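Residue numbers (my numbering): 2 to 710.
Glycine included, each C-beta is placed from N, C-alpha and C at the ideal position.
Just so you know, these numbers come straight off a predicted model, no measurement behind them.
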Ligand SMILES: [Fe+2]
């Protein structure tokens, strides 16, 4: 697509082009059309007016020529009347008298019919009418004509000889038509055809033969008595025609002649055509220049728009680092600067919102209070810049307003040590915190003095306090410290409020889960004691086993939720013994096969008891497998090695060691050293050697392995 049409791809460009067409092209075309029409009309009127003048001038030239002829005839008649007529026989002999050669011949008539040719061809006598006689009697020239073989008539001028009666003596001269029509030619302008018609329409003279149709039209105009002009023909053959009457009757007693002036319209309007062409070229040039100017202007507008459109498309696609460059020096350049500023702002906001989403997910993803505190202090500086950050937590069960406050001295260094201290909130400060919906700026000695006065050195110059409120209660306070007075933006305050709110939710949930867990473990401990009190020999067995198993689990590096599983599994591992009669549990002698079979069923019975409790499903495997052996010789399913859960393998070591060290009705309790030796000897057979190693590391820390061989 040529560059000039590339603007049409833009709706803005099309609109500007339409505007250009409406404002420039259409008015230009209308102006050109109407101005040309006006010029043509004026030119036509002027041409016809000029032709009118020309026809009249030619008529006056004819009349003047005839008048000159009449004067010469009068002059000759005067000479003849004086009787001093020389005997000239040739017209050339008269040259000294008639240097313009207006006359071709002269004949004198005596007594009405006797003719005497003075020179030239003989002339015919004038008509003998009363009007002619009367006209001649008044000593005036009489003009008449006679046709000849060539088709053009001969003209004669008669006049009475001075001092003689026209009845007796008369002078008739033949008019030299070359002289007469020469005056017509002299008076006719260039490229103009002239015809002189007799009263009956016959051509007396014409520079070029007129079409018969034109002569007929002239005759029609003359009969209607109209004189003026008309156009004849079509297209390039059109003739402009003007008529003028030469009045001859008063002076020469002859019918009036008609002067016909004609001119081809194409020649008459040649100048107008050249003007039209020049005018058209001028208007075209103006339109072209205006079009090019409009194109340049549209392009200067469309190109920046295209750049901005592409920039917007990249921004909407998530490319916030995209920038546009426009050097137009006008509003588009200002718009580009604003666009780039907006893109930068959007990019920063997008990154901050992404960071906010990550922080909120991190905070809400934690259930441990310490992890929540760490997540808040690790990340708050990324979305709300500060010099140091602290999180004060109120203990809901405490009777005082003492808070546990965690402080990161330099909020920009992560990870770095988080210091723990205690700050006190006064009742008034708590009330004030609960009434505040926004974060509060506090100076060193102004507001919240009770709370902030014990902030450890280096103490910031100003603080930004955000209360953590959950279900109408103050959970804690998020404290941001500044070396200078902070000037937070509205957006950063909104982000800070959001972090405080989400922290309050996470901390409340953590505390609720902790309460539930504590309640749950209390119930399980009660159940364990119920089982253990079934026999006087096993009192406290389940809680001791649980404690040791959790120690081993921590030593092995198990995560907290698996330690929690060991906690619950340890308390419930012997819950199946509820169905074992005390007579078997407390039998001092050796158990029979049937009694031992009852004992062997207690893991399965424990699983059956726990099966309806959904949140204890993970504990069931510990209960059913705590009597399996590492070498596969245990019960109830004979599992071995890694097929036994690690929790059950840990519990087996703890369970057996506590059982061996305790008194039983059928034997006294072993010494701890013997228990340790037994455990070591059976590592790899009864026990998982990895668990045994962890167990011994614990005992070594307690200094109880020195005497073990
Ligand atoms: Fe057991």
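Item                                                                                                                                                                                         : Value
Would you list the residues sitting across from residue 146 in a DSSP beta bridge?                                                                                                           : 156
Tell me the rounded alpha-carbon separation between residue 80 and residue 119.                                                                                                              : 12 Å
Just to confirm before moving on: does the CB-CB distance between residue 175 and residue 160 stay below 8 Å?                                                                                : no
Compare the Cα-Cα distances from residue 173 to each of 477, 640, 581, 115 and report the closest residue.                                                                                   : 115
Are at least three pairs of beta-carbons, each pair with one atom in the stretch 657 to 675 and one in the stretch 630 to 647, less than 8 Å apart?                                          : no
Going by DSSP, what residues sit across from residue 538 in a beta bridge?                                                                                                                   : In the DSSP output, where bridge partners are listed per residue, residue 538 has none listed.
In angstroms with no decimal places, state the Cα-to-Cα distance between residue 224 and residue 233.                                                                                        : 18 Å
Any heavy atom of ligand 1 closer than 7 Å to the Cβ of residue 575?                                                                                                                         : yes
By how many angstroms is the C-alpha of residue 480 removed from the C-alpha of residue 392?                                                                                                 : 6 Å
Taking 7 Å as the cut-off, is the beta-carbon of residue 656 closer than that to any non-hydrogen atom of ligand 1?                                                                          : yes
Spatial neighbours of residue 324 within its chain, please: CB distance less than 7 Å, with the 5 preceding and 5 following residues excluded, ordered by chain position.                    : 341, 344
Run through DSSP, which three-state label would residue 387 get?                                                                                                                             : coil
Does the Cβ-Cβ distance between residue 247 and residue 263 come in under 8 Å?                                                                                                               : no
Please go through the stretch 467 to 541 and give each complete alpha helix (DSSP H) segment of 4 or more residues, from N-terminal end onward.                                              : 491 to 533
Could you tell me the distance, in whole angstroms, from the CA atom of residue 430 to the CA atom of residue 534?                                                                           : 52 Å
Find the nearest neighbour of residue 684 within the set 697, 672, 673, 674, judged by alpha-carbon distance.                                                                                : 697
Give the straight-line distance between the Cα atoms of residue 659 and residue 650, rounded to the nearest whole angstrom.                                                                  : 15 Å
What distance in whole Å lies between the Cβ atoms of residue 567 and residue 578, which are believed to be in contact at a cut-off of 8 Å?                                                  : Contact doesn't hold; Cβ gap of about 19 Å is too wide.
Does the beta-carbon of residue 56 have 16 or more other beta-carbons within 10 angstroms, so that it is buried, or is it exposed?                                                           : buried
If residue 177 sits next to residue 109, beta carbons under 8 Å apart, how far is it from one beta carbon to the other, in whole angstroms?                                                  : Not confirmed; about 18 Å, so no contact.
Over the uninterrupted alpha helix (DSSP H) stretch that includes residue 220, give me the two end residues.                                                                                 : 213 to 224
On the three-pair Cβ rule with 8 Å, is the stretch 499 to 514 touching the stretch 458 to 471?                                                                                               : yes
Following a CB-centred definition, is residue 603 positioned closer than 7 Å to any heavy atom of ligand 1?                                                                                  : yes
Three-state secondary structure (DSSP) at residue 106?                                                                                                                                       : strand
Taking only three categories from DSSP, how would you classify residue 407?                                                                                                                  : strand
What does a CB cutoff of less than 8 Å around residue 287 pick up in its chain, not counting 5 residues either side in sequence?                                                             : 29
Can you tell me whether residue 170 is buried or exposed, with buried defined as 16 or more other CB within 10 angstroms of its CB?                                                          : buried
With C-beta atoms as the reference, is residue 514 less than 8 Å away from residue 404?                                                                                                      : no
Can the beta-carbon of residue 329 be found less than 8 Å from the beta-carbon of residue 301?                                                                                               : yes
Could you spell out the range, first to last residue, of the alpha helix (DSSP H) harbouring residue 673?                                                                                    : 673 to 682
Relative to the C-alpha of residue 191, which residue among 209, 360, 198, 179 is closest?                                                                                                   : 209
Does ligand 3 have even one heavy atom less than 7 Å from the beta-carbon of residue 628?                                                                                                    : Here the bound small molecules are ligand 1; ligand 3 is not part of this structure.
Please work out which residues of its chain come closer than 7 Å, Cβ to Cβ, to residue 583, disregarding the five sequence neighbours upstream and downstream, and give them in chain order. : 535, 536
If residue 413 sits next to residue 382, beta carbons under 8 Å apart, how far is it from one beta carbon to the other, in whole angstroms?                                                  : 6 Å
Mapping DSSP to helix, strand and coil, what is residue 423?                                                                                                                                 : strand
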